[in-house]
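Here the structure comes first, spelled out in structure tokens, and everything after it is commentary.
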Amino acid sequence: MIGKWAPRTGAPRTGVDRFLTVLRVFAVGLVLVGLAAFVAQEISTDNAFARWANPDATGLTGAQFRGLVISGIAQGAMYGLIALGYSMVYGVLGFINFAHGEVFMMGAMTGMITSNKLADAGLWESNFIGALALVMFGSILVSMFLAVVMERLAYRPLRGAPRLIPLITSIGVSFFIQNMSIVLFGPASKAYPAVPDWLRDKHTFLEIEGAKIMVIVAAAVSMAALWFLVERTKVGKAMRAVAEDSEIASLMGIDVNRTIVKVFAVGGAFAGMAGILWGILFRSVIHNTGFLPGIKAFSSAVVGGIGNLGGAMVGGLFIGIAESVGPLLVLEPLGVSGVSQLRDAVAFAMLIGVLLLRPSGIFGEKLRAEDRT
Amino acid sequence: MTATETRPSALAEFAPPRRARDLDWRRLARLGATAAFVQMFVSLTAMPVRLDERPVIESLLSLGYLFIGVIPVIAGNRIGRQVKLEGVPIHRAGRYELLGGTLAGTLAGAGLSLLVILITHFDIREPLVNWSPQLRDLLSFNRGPVFGVLIWLGIGAVGGLVGGGLRLLPTRWRRTLLTMAFVVVLAAILEQLVVDLVSGVGLEPVAEWFYARRGGLTGAGAGVAAAIAGVASFFGRGRLKAARARINTLEGPARTKANAGLILLTAAVMIVVPLLVGSLTNELLANVGLFVLLALGLNIVVGLAGILDLGYVAFFAVGSYTAAVLTAATSPRINPELPWFVALIFVVVITGLVGLFIGAPVIRMRGDYLAIVTLGFGEIIRLLFLSDWLSGWFGGAQGITAIGGVEIFGITTIDGTNPRNIFYLVLVFCAIAIYVSWRLERSRLGRAWMAVREDETVAEAMGINTVNVKLLAFVVGAILGSFSGAIFANKVGSVFPSSFLILVSMVILVVVIFGGMGSIIGVIAGAALLIGVLGGPKQPGLLQEFSEFKLLIYGALLVWMMLARPEGLIPSARRSRELHQEEFLQDAWLRGQVEADEEAGDEPETAERS
Amino acid sequence: MSAGAAPLLEIRDLDVDFGGLKAVNGLNIEVREGEIVSVIGPNGAGKTTLFNAISAMVPVTGGDIRFEGSTLLGLDPNQVTARGIARTFQNVRLFTNMTILENVMVAQHCRTKRGAFGALFNTRAFRQEEDEIQARGEKALGFFGSRLVGFRLNQPASVLSYANRRRLEIARAMATQPKLLLLDEPVAGMNPVESAELTGLIGRLREEWGFAIVFIEHDMSVVRDVSDRVIVLNHGELLTEGDYADVSMDPRVIEAYLGQDTIIEDAIKS
Ligand SMILES: Nc1ncnc2c1ncn2[C@@H]1O[C@H](COP(=O)(O)OP(=O)(O)O)[C@@H](O)[C@H]1O
Ligand SMILES: [Mg+2]
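Protein chains in written order, with this note's numbering: chain P, 227 to 599; chain H, 4 to 613; chain V, 9 to 278.
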């Protein structure tokens, strides 16, 4: 359990407790009032509250709303894919691999390089599906490799160190990879080649862009694959055993180090997958592409309950949708202007809010024996 | 006699090989390949190209070539690295060092040879921006690829030989040589500072003689510097240590007197030096001072109370904006145009409140969650300053500009146009921060922080209200950071959200960790070295040529520090105990053994030479 | 049990559950002022959990714990300590990187009050309090005679031997100025000489410092020598209580132990 956010009995005890209670009530109240104002605004833009708080309220049309939700889901699916890596590593090693966002970024970067090379060779246009498969393969491979190297060089020597030490190390790794990307590939933002029309146009089905459908489908397939890997294979069994208690697992004849390498590889693979999807969807990549998605993916893992793989995916969708619709659904009706700038702030606020209200996440965390206190 | 006999004999069988044919070939291949890879990587970052503009010795050696040239030396040296078994160095040097060193160095050099060949035949400039003919020309000294390939093999071999050979030297000579090289490089790096200082005391001719007009030491200058360093190191070794040991063994009033003397001396230097140097150097000193202040603040949070706060920049930002809003006439919503010192009171109060507000929800979280959540708060604060929503208050992306200086009782105004005064202002606040850290660490509160850092559960059970004491650390750290922010606003004369990126937090964290968590001296040294030499997030350091790479280096440094020396450059005694818990006792015993060996007249590293 | 004033510590129907496992189940215990009570029982009987519940380190699921007439439920561990209950841990948990002296100084946190202000301005009150803290710390260490003060007190606690760590932990608990001392297996891992010596000290703790003491112990000779009363736990429940002679003859106690190991036999032999 994280701290004791709920007093064991009766009334709040200390000043801090009381303050936190006020904060919780305020946060929930703010969201509720915002939602109510939004509903009122949808019924009539000229209601009393809107006149006071948000005079130029326009409300959202159904199509706009649907568009926001779909974008949120597509984005959230990618957060979820990245979050799996955070969650798995936390489950097994009990630390936050801060550099995981960079694994994702390098996946997107690799995708940019290979797809541009393929576009130069004409393959990207003539055989898009084949080329995309190739590009995905490359990205996944590079991300896996990077994650494994990271583990070997930076984290393995720190097994058993106090928990903040590997975290600080991973911050350094993240810093290093980001800036390595600047000096090797240059500081400018780099574009993906154009994708075929069927990915760009909205389809009749729900009027969603093809790319978003692709992202969602790819995430679903990956999730299914992961489920199969973890629940149905021997490797997965070893991973679960190590996550439960690595000492006992090693007594049972499981090679803990190799299992940890595999955990990093799998997490890296999903991050690489997310990277390439990100590239297809936003068509550009830069050295700090990994930072915000990384933090948000970590938030997703926490929201879903860290160590809980299904939770990570759901958490991702939750964060994705929340940051997509949250500003317009809650903040705008309260009269906050320029809400789209506050998207990232909303994502962070979600993390803080969840930790404040339900520190072990929506679905509960799955931690190593020694991390449960 | 050999020292080996005095050691437990069980260790003897782990002794490394002594003949050339016993060389550990796999290790050699691995080391050589790693070095080759590092060579190629460093070259592709364009670091050598940029650093080539920075001479060490006029027309003889540039920092760029030094940077890649030193890698084979390190490789050659590392191949014979002593094996530390339970703290006892049991390496014995032998002729194989030379062979191993040469081979490892050659392998390392071969990396660059390979790179020259690759650049000549392939063009992958597309992703790798530095894959350029210029790089090839630099690497082949403008004499064509064949020369380039051969010369790097040669440089590698010689470098490796030198590196390996260093091991064969008696310790004293080795130390002397290394000190000489170090001093020459240091003199080149500190050129601006030294020239400024020497000219300041009216010795321009000396400076002109030592340093070439277009930068770098003159040949003669380098020679003299090396000679002085060599003599000092050869004959003076141990004197410094002895002096320090003498001070450390002092007790009671004598100790107090020695300390007071040291403090006065430092203060005098700090006051006199800015008078001697020009405004460029003063600007640098002021920047270093600002980061010292920030690092001291973060040190209370991270170093003393053990709370990893990644959003520390939030307090820097709040301090800056509060000072800006309260002192600037151009502040959008409220502009009371308070004098800076009056505004400072509000800065303290407001940052303290923000610290409480951020601290209260996070303080009970698990340490690593706390890190990420504070990072989130750091971003939220910046996004709020940036947002249109609050731009009526803080000016959004345009920020607040035309902030006046600090008026000192009508005598003088301190602002960015006079960096010397800014430095003095910073100095005053640094002194305050040092005093605060020093007093608190040795008080009831400091002990409680230590206990919390070591074992929170037990601290709580021993009657410490952990939530309150941690929150207090958080707030004290916040307030110290806000001082830096308030000075920053008036120094630069404007505040923008883009000055408060998370990057700043990270840089401060690197400074604290590099210097040594929990160690006041360490943190100051860390800030001086990193910010002074490499530069801050936006502030240039002495090595301006490095500015593109400094963040890369910070990242690498952070990782390396955590792996190799987590207690930092100048550790607090306590921290290093914490991080080497189990080794500590063993070490104490083993050190006794080794010292006994040393007294027997032989350095353990080279024991087998005879 | 002698009748008299209201008990110092009063535990009523205490339950502690760990997700289905009832580590403590419907326990009723009283401890009087100045009493020395030992708690025995096989491993996993819930003895440490009982201590944890008293010191608010695990959540209580039912019942009540009253100290000097008012409940401890709902307090934080530090508040319990402030009320006058101090404890040691079964697996010694010192602040190993703090010095020996600092360990006993930091334990007085809840008895002292000078904060940042006093420290910054080095006020007379601050200095005075620091001196008092140090003197009291040294007094607590001095209780163990040359065993502890023979050391340079500004050495880190990690240099201490195992037995000395146990002693220091007791000194640290004493330094919180408690009325009730909870000792979790204080002589575990000590050799017979050290163990006998500490046994003597437990008696002196009551006489000289006036503590009531509850201690968990497996070594029956120690239990016999110092305790006024013995409480036997098994499976989280009170098996029996009474003086040593009664309890050690109780067939249920012997059976409970025989199911586990042969500590009693060892004790009887010795
Ligand atoms: N924090 C905890 N979480 C879950 N189970 C616990 C916890 N602490 C103790 N237990 C269980 O409660 C039972 C009693 O343990 P304990 O009180 O330590 O026994 P002992 O009498 O040996 O001191 C044991 O079965 C133990 O596994
Ligand atoms: Mg126990």
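Positions of the beta carbon are idealized from the N, C-alpha and C atoms, including for glycine.
These numbers come from a predicted model, not from an experiment.
Contact test: residue i Cβ vs ligand 2 heavy atom, cutoff 7 Å
i        : result
H/THR460 : no
P/LYS522 : no
V/ASP192 : yes
V/LEU98  : In the sequence under discussion, the amino acid at residue 98 of chain V is Gln, which differs from the Leu named in the question. At least one heavy atom of ligand 2 is nearer than 7 Å to the Cβ of V/GLN98, so yes.
H/THR174 : no
V/THR207 : no
V/THR56  : yes
Whole-number beta carbon distance between residue j and residue i, since they are thought to touch under 8 Å
i        : j        : result
V/ALA171 : V/VAL112 : About 17 Å separates the two Cβ atoms, so there is no contact after all.
V/ARG20  : V/ASN33  : Wrong, their Cβ atoms sit about 13 Å apart, outside the cutoff.
H/LEU200 : H/VAL276 : 7 Å
Residue environment, residue i, which counts as buried when at least 16 other CB atoms sit within 10 Å
i        : result
P/ALA444 : buried
P/THR340 : buried
P/ILE355 : exposed
H/THR377 : buried
P/THR485 : buried
P/PRO281 : exposed
H/HIS124 : exposed
H/ASN251 : exposed
P/VAL242 : buried
Between the CA atoms of residue j and residue i - distance to the nearest angstrom
i        : j        : result
P/ALA303 : H/ASP312 : 29 Å
V/VAL39  : V/ARG101 : 25 Å
H/ALA346 : H/VAL352 : 10 Å
H/SER282 : H/VAL204 : 15 Å
H/LEU279 : H/VAL209 : 15 Å
P/ALA573 : P/LYS428 : 27 Å
P/VAL374 : P/GLY311 : 12 Å
V/ARG214 : V/ASP139 : 26 Å
P/PHE490 : H/ALA462 : 36 Å
P/ALA600 : H/ILE74  : Outside the shown range of chain P (227 to 599) lies residue 600 of chain P, about which nothing can therefore be said.
H/GLN195 : H/LEU545 : 7 Å
H/LEU47  : H/LYS494 : 38 Å
H/GLY526 : H/GLY239 : What sits at residue 526 of chain H in the sequence shown is Val, not Gly. Between H/VAL526 and H/GLY239, the C-alpha separation is close to 27 Å.
P/SER563 : P/LEU557 : 8 Å
H/ILE437 : H/VAL198 : 30 Å
H/GLN42  : H/PHE70  : 9 Å
H/GLU444 : P/GLY590 : 39 Å
V/PHE26  : P/MET478 : 27 Å
P/MET370 : P/ALA495 : 5 Å
H/SER143 : H/LEU131 : 19 Å
H/GLY379 : P/ALA571 : 8 Å
Cβ-heavy atom distance, residue i to ligand 1, below 7 Å
i        : result
V/ALA53  : yes
V/VAL66  : yes
V/THR69  : no
V/PHE26  : yes
V/ALA264 : no
V/LEU102 : no
Near ligand 4: residue i beta-carbon under 7 Å from a heavy atom
i        : result
P/GLN301 : Ligand 4 is not part of the structure shown, which contains ligand 1 and ligand 2 as its ligands.
Interface partners of residue i on chain H, CB under 7 Å
i        : result
P/ASN405 : LEU554, LEU555 and GLY558
V/ARG101 : ASP458 and VAL461
V/PRO85  : GLU463 and ALA464
Chain H residues whose Cβ lies nearer than 8 Å to that of residue i
i       : result
V/ARG95 : ALA464
8 Å Cβ cut-off: residues of chain P touching residue i
i       : result
H/ALA49 : VAL409
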